[in-house]
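Okay, so here's the structure we're looking at.
Have a look at this one:
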């Protein structure tokens, strides 16, 4: 364990950021999963609505530095292809 005051503060802030990022990543997985469920059910309008929500959250996560921009692009692209195939 660190004994420098600034390092103790850094440890706390890193822990908070880690918790926040974990929550965001979990939410992203859930939104993409919901979109895939809508695609599997064959409901194009529901799938597009779910995709819009997931896409917005993915972009937000990129801007906050939670995930890399290419990872978000790949996830959006994969789901968009599936929706287009409906």
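Residue numbers (the numbering used here): 488 to 573. Using N, Cα and C, we set each Cβ at its ideal position, and we do this for glycine too. Given the structure is predicted, the values throughout are model-derived calculations rather than measurements.
| Item | Value |
| --- | --- |
| Please list, in chain order, all residues of the same chain as residue 537 whose beta carbon is under 6 Å from its beta carbon, the five residues on each side excluded. | 521, 522 and 525 |
| What whole-angstrom Cβ distance do residue 531 and residue 570 have, given they're in contact under 8 Å? | 7 Å |
| So, using beta-carbon positions, are residue 518 and residue 541 closer together than 8 Å? | yes |
| Taking its Cβ as the centre, do 16 or more other Cβ atoms sit within 10 Å of residue 515, making it buried, or is it exposed? | buried |
| What residues in its chain sit with their C-beta under 8 Å from that of residue 533, if we drop five residues either side in the sequence? | 525 |
| Tell me the residue span of the alpha helix (DSSP H) that contains residue 490. | First-last for residue 490: undefined, no H or E at that position. |
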